[in-house]
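The sequence shown lines up with residues 13 to 373 when you count with the numbering used here.
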Amino acid sequence: MANGAPQRTGAQQPPPSAPQIQYDNSHTEKKKIIAGSTRKDGKLLDAKTLRRLAQNREAARKSRLRKKAYVQQLETSRIRLQQLEHDLQRARTQGMLLAGCGASGEMSSGAAMFNMDYTNWLEEEGRHVSDLRAGLDAHLIDNNLSSIVDDFITHYDTLFHLKARLAQTDAFHLLTGLWTSPAERCFMWMGGFRPSDLIKIVTPHLDPLTEQQVIRLCSLQQSSQQAEEALWQGFDQLHQFLSATLSSGPLSTDIGADVSNYAGLMDIAIEKISSLENFVRQADHLRRQTLHQLREILTTRQAARCLLAIGEYYRRLRALSSVWATRPRDRALIGNETASPNTVTDLQTIQQSQYAHYSAF
C-alpha cells in the first residue's frame, strides 16, 4: 500500500494554472506588436517613425474619402446634365423653343429658361393632380386633404413668380402665349387664364353649395369681370397709342434719310412697351387673388374638386392640341359633305364640350 500511493500521485499531473495561460497569451500578443513595429531588416522602429506612419495612414484614408466624395459629385453633376439635356430636347420636340422668337429667329435666354421651367412645372402639376385625385378617392380627412390643396395652390404661386421674373425682360413672350399649347392660346387672356371664365368652369363641380357660398361666388365673379374690363381697357389704349405712334410721321423709302424722326418714334414706342410688364403683373395678380379667394370660400373637399377641375380642363386642352397636330393630314382636305362618321362624331363631341367644358371626372 505504501508503494502504491506514490504511483497514484505521480500518475495524475495537475493542469496548467490560469495565470500561466494568461502569461502565454500576453507573450504572444507582445510578439505580434513587436513584429509589426520592426522594419524588414528586423530593427525596431522608434516612436517618431511609428507616429509618422500612423499619420500617413490617416492621410491616405482621408484622401480616399475625398476621392470617393469627388466621384460621387461628378456622378451627380453628370445626372443633372443629362436631365437638363433631356428637358432641352423635350422642349425642342414640343416646339416650345420657337416661342418668343423675333425676326432673327433667336430667343432671349430668359424666355428659353422660362420654357424649361414651365415644362418642369407641368410635370409637377401632374403629380399634384394625381395626389388630389387619390386623396378624394381615398376619402382623406380634411386635415390631410387640406395639406394637398395648399401645396397645389403654392404650386400656382410658383408659376406666377416665374412669369413675373420673365415679364421684366420679355413681356411679349408671355402675352403671345407661345409657351402653351395652341388650344390653350385660344382661351388665353393677357398671358394666362381669364379669372371669371375659370369660376364658370369649376362651379358645376362644387355642388352642393350653401346659399352663402353661392352669393360669395357670384360676387367674386362680378368683381373679377370688372377688374378684367379695367385691365383690358388700359391694354387697348396702349395698343391704340402704339398703333398711332408707329403710323405717324412721313413715309420714306429710305430709313436712313430721316434717322432722327425714325429714332424718335422708336423711343416713344419702347417707352410705352415697357408698361407691358405692369399689365402682365396685374393680370397674374388678379388670377392669383381669384385662386386664393376660391380657397377661402370653398370647403376643403370643394377646393380639392375645384383644383382638380382646373388641372383636368387644361390637361384636356393640351391633349386636344396633340390630337389636332397628329391628325391624318388627308382628313383636313375632306369637305363637310364628305365627312366620315368618325369626323361627325368628333365635331359633335367638340360642340358638346363647348357647353359643358368637359364631362364629369
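Each residue gets a CB set at the ideal place from its N, CA and C atoms; glycine is no exception.
Because the structure is a prediction, the values reported are computed rather than measured.
- Within the model, the alpha-carbon separation for His-98 versus Ser-121 is close to 18 Å.
- Looking at the backbone, the Cα of Lys-80 and that of Leu-96 are separated by about 24 Å.
- Selection Asn-290, Asp-279, Gln-225 evaluated against Thr-257 yields Asp-279 as nearest (Cα-Cα).
- In this structure, the straight-line span from the alpha carbon of Ile-227 to that of Ala-316 is close to 20 Å.
- Per the coordinates, the alpha-carbon of Ser-89 lies some 18 Å from the alpha-carbon of Met-128.
- The C-alpha of Ala-72 lies about 30 Å from the C-alpha of Arg-92.
- With respect to the C-alpha of Leu-319, the residue from Asn-68, Asp-58, Arg-139, Gln-252 having the closest C-alpha is Arg-139.
- By the Cβ neighbour-count rule, Asp-296 is buried, with 16 or more other Cβ atoms within 10 Å of its own.
- Arg-317: member of the alpha helix (DSSP H) spanning 312-337, first to last residue.
- Between Lys-284 and Phe-253, the gap from beta carbon to beta carbon is short of 8 Å.
- Rounded to the nearest angstrom, the Cβ distance from Leu-187 to Met-202 is 7 Å, consistent with a contact under 8 Å.
- With distances taken between CA atoms, Leu-298 lies nearest to Ser-236 out of Met-200, Asn-155, Ser-236, Trp-133.
- With contacts defined by Cβ atoms closer than 8 Å, Ile-213 and Ala-321 form a contacting pair.
- The three-state reading of DSSP puts His-151 in coil, since its state is none of H, G, I, E or B.
- Taking C-beta atoms under 8 Å as the contact rule, Leu-232 and Thr-311 fail to qualify, at a distance of about 16 Å.
- Assignment of Trp-191 by DSSP, reduced to helix, strand and coil, places it in the coil class.
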